[in-house]
Amino acid sequence: MVKLDPKHDGSTVRTAFLLEAIANLLSFPLITHPALVLRLLLAHPSQMNPASILFARLFGGVVVGFLTPALLYGYRNTKRGIESRKVTYLALGLGEVVLIPLLLGEASKPTSQAALTSHAAIGATGLLLPPLLWRLYVLGARPDMLGRYTELKRE
Numbered sequence: 006m007v008k009l010d011p012k013h014d015g016s017t018v019r020t021a022f023l024l025e026a027i028a029n030l031l032s033f034p035l036i037t038h039p040a041l042v043l044r045l046l047l048a049h050p051s052q053m054n055p056a057s058i059l060f061a062r063l064f065g066g067v068v069v070g071f072l073t074p075a076l077l078y079g080y081r082n083t084k085r086g087i088e089s090r091k092v093t094y095l096a097l098g099l100g101e102v103v104l105i106p107l108l109l110g111e112a113s114k115p116t117s118q119a120a121l122t123s124h125a126a127i128g129a130t131g132l133l134l135p136p137l138l139w140r141l142y143v144l145g146a147r148p149d150m151l152g153r154y155t156e157l158k159r160e
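Those letters in the sequence shown? Residues 6 to 160, by this note's numbering.
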């Protein structure tokens, strides 16, 4: 059994976890209507093919099927929920560290060579950068925001 630390209850990070999990559900159309979403993002929608539709669905599946449950698990104010927050933030942050340079590289390509429109690439970067900065702040400067607990001895 555990007792939550009232001074470090993780409430701010828990709120961030819940908001991000809800926002991740906006990726659901990548699974259900990938062609519609890709038409908005691709620089050359006429080049869309079954492989691009499959990879859009796979990406949506990772976001909805893995990242969202990981955030919801960390939202819980239990021993395991608190312990999972650091690992979840590290995993999400590492993903953002990889995706942001890829997107910026895509945004810098001439339209004739780009897969995404520059607006889509910059917009996606703009959506990924603030959460990455938040994760770096929490993990580096304020790990107490993740929450703490004390293990209670069993009698």
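Note that beta-carbon positions come from the ideal geometry of N, C-alpha and C, so glycine has one too.
In this text the structure is predicted, and so the values were computed from the model without any measurement.
So within the stretch 34-65, which uninterrupted alpha helix (DSSP H) runs reach at least 4 residues, ignoring any that extend past its ends?
Taking only runs of at least 4 residues, the alpha helix (DSSP H) segments lying wholly in the stretch 34-65 are 39-46.
Three-state secondary structure (DSSP) at residue 83?
Reduced to three states, the DSSP call for residue 83 is coil.
Rounded to whole angstroms, what is the Cα-Cα separation between residue 34 and residue 69?
Answer to the nearest angstrom: the Cα atoms are 10 Å apart.
Distance, Cα to Cα, residue 114 vs residue 57?
Straight across, the Cα-Cα distance linking residue 114 with residue 57 is about 19 Å.
So the beta strand (DSSP E) residue 155 belongs to, where does it begin and stop?
Where residue 155 is concerned, the enclosing beta strand (DSSP E) stretches over 154-156.
At what residues does the beta strand (DSSP E) containing residue 9 begin and finish?
Where residue 9 is concerned, the enclosing beta strand (DSSP E) stretches over 7-9.
Out of 50, 21 and 32, state which residue places its alpha-carbon closest to the alpha-carbon of residue 40.
Answer by Cα proximity: 50.
Backbone CA spacing between residue 66 and residue 122 [nearest angstrom]
The straight-line gap from Cα to Cα measures roughly 23 Å.
Does the stretch 147-158 come close enough to the stretch 6-13 that 3 or more CB-CB pairs lie under 8 Å?
The stretch 6-13 makes contact with the stretch 147-158, as at least three CB pairs between them are under 8 Å.
Grab me the residues of residue 61's own chain with a C-beta within less than 6 Å of its C-beta, minus the 5 sequence neighbours each way, in chain order.
Taken in chain order, the residues that qualify are 35, 39 and 43.
Contact defined as beta carbons within less than 8 Å: I believe residue 102 pairs with residue 137. What is the distance between those atoms, to the nearest angstrom?
Right, the Cβ-Cβ distance comes to about 7 Å (below 8 Å), so this counts as a contact.
Where does the unbroken alpha helix (DSSP H) through residue 69 begin, and where does it stop?
Note, residue 69: premise wrong, no alpha helix (DSSP H); not H, not E.
As a quick exercise: from 48, 83, 116 and 111, pick the residue whose alpha carbon is nearest that of residue 19.
The shortest C-alpha separation from residue 19 is found at 83.
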